[in-house]
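Student: Under this note's numbering, the first residue of the sequence shown is numbered 137, with each subsequent residue one higher.
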Amino acid sequence: MTKKRLDLTFPPRQSLKPVVYHLVKDYDIVPNILRAQIQPGQEGRMLVEVTGAKEAIAQGIGFLEAQGLTVREAASDIRLDEDRCVTCGLCTAVCRPKALVLSGEDLVFDKDRCVYCEACVVACPRRAISLTF
């Protein structure tokens, strides 16, 4: 079984189509919607973690793209400005899934644990962490 986090962008005309349903039914993919901003007639975004066979996920991504959705790996949405970061550790204190941890004097980000809650963005006094979603 493979697990991937995907950032989906829905064009306005696709915002009401049941694409997640088809991932489950047609491709045997288990979706976990981590975050979504979708409204009728407007561009929408969804962060979804999908689990399934590697081939099924590839086919499911192909289906999504054929439906007009833009599919990207989710990790590109988290940014750490290392010039601004002073490794104070405040972000690690609010990171419940432990995606951010201090290792010695380094701040380590584990994208596989991140659920994009933005608690670290709010906690950072230097605004060194940003999330574009």
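All residues carry an ideal CB built from backbone N, CA and C; glycine is no exception. Every value quoted in this text rests on a predicted model; they were computed, and no experiment measured them.
Just the C-alpha distance for Val222 and Lys247, rounded to the nearest angstrom, thanks.
Tutor: Distance between the alpha carbons of Val222 and Lys247: 20 Å.
Student: Taking the straight line between their C-alpha atoms, what separation do you get for Val160 and Val186?
Tutor: Going from the Cα of Val160 to the Cα of Val186 covers about 10 Å.
Student: State the start and end residues of the unbroken alpha helix (DSSP H) segment that holds Val230.
Tutor: Counting along the chain, the alpha helix (DSSP H) containing Val230 begins and ends at Leu226 to Val230.
Student: What alpha helix (DSSP H) runs, 4 residues minimum, are completely inside the stretch 164-222?
Tutor: For the stretch 164-222, whole alpha helix (DSSP H) runs of length 4 or above, ordered along the chain, are 190-202.
Student: Do three or more CB pairs link the stretch 228-245 to the stretch 191-210 at distances below 8 Å?
Tutor: No, the stretch 228-245 is not in contact with the stretch 191-210.
Student: Taking Cβ positions, are Leu152 and Pro176 nearer each other than 7 Å?
Tutor: The answer is yes: Cβ separation under 7 Å.
Student: Starting from Val251, trace the alpha helix (DSSP H) both ways and give me its first and last residue.
Tutor: That residue, Val251, is in no alpha helix (DSSP H); it is neither H nor E in DSSP.
Student: For Arg220, is the classification buried or exposed, using 16 other Cβ atoms within 10 angstroms of its Cβ as the cut-off for buried?
Tutor: Classification for Arg220: exposed.
Student: Return helix, strand or coil for Arg262, following the three-state DSSP convention.
Tutor: It is coil, neither helix nor strand.
Student: Can you pull the DSSP bridge partners for Arg141?
Tutor: Partner(s): Glu185.
Student: Consult DSSP for Leu152 and reduce its assignment to one of helix, strand or coil.
Tutor: Residue state, collapsed to three classes: coil.
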